[in-house]
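What follows is a short report on a single structure.
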Amino acid sequence: VVSCEPRRSYAVVCDSCHSRWTSTFTFEMQGGGLTRVEQAMRIEPRSLAARLMAPLGRFFMGRLRTHMARDMQELAQRCAAPVAATAAP
Numbered sequence: 270v271v272s273c274e275p276r277r278s279y280a281v282v283c284d285s286c287h288s289r290w291t292s293t294f295t296f297e298m299q300g301g302g303l304t305r306v307e308q309a310m311r312i313e314p315r316s317l318a319a320r321l322m323a324p325l326g327r328f329f330m331g332r333l334r335t336h337m338a339r340d341m342q343e344l345a346q347r348c349a350a351p352v353a354a355t356a357a358p
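Here is the structure:
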């Protein structure tokens, strides 16, 4: 986690495939107890090979969108699940 504004946003970073991946989630309170969630992803090539492959990235965008949609579905399921009661120590 590289940044966090409680109830507003957070960002996570990982290095993979010679690139730096930054995922940012933003939250906007809506009426009726609903929250709008947006996810943005930035990919920064970190090596010559990754920079050379970057133009081919558009061919993988569909797959990336599928994974991002799955992440959002999992987040929605977890937010809708009842919170487990915990005993105070």
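So the number in the working numbering is just where the residue sits in the sequence shown, counting from 1, plus 269.
The beta carbon of each residue, even a glycine, is placed where N, CA and C say it ideally should be.
In whole angstroms, what is the alpha-carbon distance linking residue i and residue j?
i, j, result
"Gly-302", "Ala-349", "12 Å"
"Cys-286", "Ala-323", "11 Å"
"Met-310", "Arg-277", "17 Å"
"Thr-291", "Ala-318", "19 Å"
"Ser-272", "Gln-308", "14 Å"
"Ser-316", "Leu-325", "15 Å"
"Val-282", "Glu-274", "16 Å"
"Met-298", "Thr-304", "5 Å"
"Pro-351", "Ile-312", "35 Å"
"Gly-234", "Val-270", "The chain is shown from 270 up to 358; residue 234 falls before or after that span and cannot be answered."
"Thr-295", "Glu-343", "16 Å"
With distance defined between alpha-carbon atoms, name the residue in the options nearest to residue i.
i, options, result
"Ser-288", "Arg-334, Pro-314, Phe-294, Ala-280", "Pro-314"
"Ala-345", "Val-306, Gly-300, Val-281, Thr-293", "Val-306"
Hey, could you find the ends of the alpha helix (DSSP H) residue i is sitting in?
i, result
"Gln-342", "330 to 349"
So, with DSSP's three-state summary, where would you put residue i?
i, result
"Pro-275", "coil"
I need the boundaries of the beta strand (DSSP E) containing residue i, first residue and last residue.
i, result
"Arg-315", "No beta strand (DSSP E) holds Arg-315; DSSP gives it neither H nor E."
"Arg-327", "From DSSP, Arg-327 is part of no beta strand (DSSP E); its letter is neither H nor E."
Would you say the stretch 338 to 350 touches the stretch 320 to 330, given that touching needs at least three Cβ pairs under 8 Å? no
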